[in-house]
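In case it helps, my numbering puts the sequence shown at residues 196 to 262.
Beta carbons: idealized from backbone N, C-alpha and C, even for Gly.
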Amino acid sequence: MELKAYLSEEFDLEIGRFEAEGLLAAVLRLAGPHFYNAGLRDAQALLMRHVDDVNDGIDQLERRPEA
């Protein structure tokens with residue numbers, strides 16, 4: 196498992212498979228919402244850009260009264 200190897204190499208810490216899985220689960224539980232919310236914000240920004248493009252296209256199609 197890569198997490199076990201990382202902890203061993205970087206911190207000279209030997210842990211078992213179950214401890215590594217528990218640590219990974221805790222990190223995902225704590226950090227997961229941050230990355231999930233960041234993904235939602237990215238999706239929202241992308242959608243807003245597309246909405247702006249559609250609005251620009253509609254504005255270009257709009258007819259103006261002749262002077």
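For Gly252, the uninterrupted alpha helix (DSSP H) run begins and ends at 212 to 256, by DSSP. The alpha-carbon of Glu216 is positioned some 14 Å away from that of Leu225. If you check the CB distance, Leu218 and Leu235 do not come in under 8 Å.
Where Glu197 is concerned, the enclosing alpha helix (DSSP H) starts and stops at 197 to 206. One Cα belongs to Asp237, the other to His245, and the distance between them is close to 13 Å.
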